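Numbering (the working numbering), first residue to last: 57 to 362. Worksheet: the structure to be examined is printed underneath.
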Amino acid sequence: MKKEILSIVTLSLSSQMRNREKSGKIKILILALLCHTICACSVLDRMNSPSFKEYEYNVKNILGYGPVNHWFSQDFEKWLDAQVKNNVNWVTIEFFCWNSQQEGRSHYYENPDDLKKPYQKLVKECRKRNIVLMVSIVNDNKGSGKYGDDRKGLAYYKSQIRRGREIIFDEGPEGVVIQPVAETQTQEGQTFESETIVLAHQNGFKTCWNNNSRPTNSNGCTYFAYHPSSTSDIGITGGIIVVDHGQILRELSKNGKNVFGPYDPIKVSNYAAEVYTGQRGFIHYGFGDHQVDFDIIKAIGSITKK
């Protein structure tokens, strides 16, 4: 009798152990399947996410536009979708927004963190569409008094412009080109430019040189931007032509007089085509564009269909 009871108990314990072992194997299998699924999804996510190709950075393929001083207030999706539709593959902005000066304010120079969320969103939306974003951090005409400027130069905002740089660095280098200073001319502009180029390269960013407005080489940067003063000048081979000069902006305006636009799509298209044929990059700098100028985007893109 005792032997029978012992046998029954042994069988019961053995069964429980087998069940536990089976249960453990099932749990391990489920865990393995979950890990495999998560890893597979991660790989698929990486496969499906946009990645910038070399041709998108090639100077001769650059066609760009930007409402540079009012970028932060735009409908990013609508704006960037229009660029994709028209093969306009670069965007340019001035991070600190010159036209805040025209309105008698220095708000963003004093409060760069107010631009953090708009910048994060713009970077995200550009990356979704494989649009390269060229960020000109500051313009060294700041302090000149031009176009309503408050005559406070970059040296007055040393800590603030460096905080703006941090915000840009924090979002990473993918699809972003940094132009530390536009139209470099003051001591503070030179200092900020030099230190930013070093830091940008250390952080994996491509950079653009615009020292003194019309450089003829990149001076160690990835690119150089050239600001012509008229449409009779298409710059230097290998450069990016950026229409950021009062005289050429007036020339490209509809009435031939207004630096703030509106700009004439035919004039812009004709000039862009000449630049593009010469294998230079082209960027229309919408200096006074309060809203995205969809006609200008279409005009720029049309030159690839001619």
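All residues carry an ideal CB built from backbone N, CA and C; glycine is no exception. If you're wondering where the values come from, they're calculated on a predicted model, not measured in any experiment.
In this structure, the beta-carbon distance from residue 211 to residue 244 falls below 8 Å.
Per DSSP, reduced to three states, the secondary structure at residue 150 is strand. Under DSSP, residue 338 takes part in a beta bridge, and its partners are 119 and 297. A Cβ-Cβ separation of about 7 Å places residue 192 in contact with residue 151 under the 8 Å criterion. Straight-line measurement puts the Cα of residue 343 at about 18 Å from the Cα of residue 139. 147 is the residue among 229, 197, 263 and 147 whose C-alpha sits nearest the C-alpha of residue 349.
For residue 135, the enclosing alpha helix (DSSP H) starts and ends at 132-141. One Cα belongs to residue 207, the other to residue 248, and the distance between them is close to 18 Å.
Taking a contact as a CB-CB distance under 8 Å, the pair residue 240 and residue 267 counts as one, their CB atoms being some 4 Å apart. In terms of CA proximity to residue 130, 175 leads the group 166, 142, 145 and 175.
As computed with DSSP, residue 309 is found in a beta bridge with 319.
If the five residues before and after residue 133 are omitted, its C-beta is found closer than 8 Å to the C-beta atoms of 181, all from its own chain and listed in chain order. For residue 262, the uninterrupted beta strand (DSSP E) run begins and ends at 262-265, by DSSP.
Contact between residue 296 and residue 118 holds: their C-beta atoms lie close to 6 Å from each other, under 8 Å. When beta bridges are read from the DSSP output, residue 235 appears opposite 192.
Nearest to residue 170 by alpha-carbon distance, out of 341, 337 and 224, is 224.
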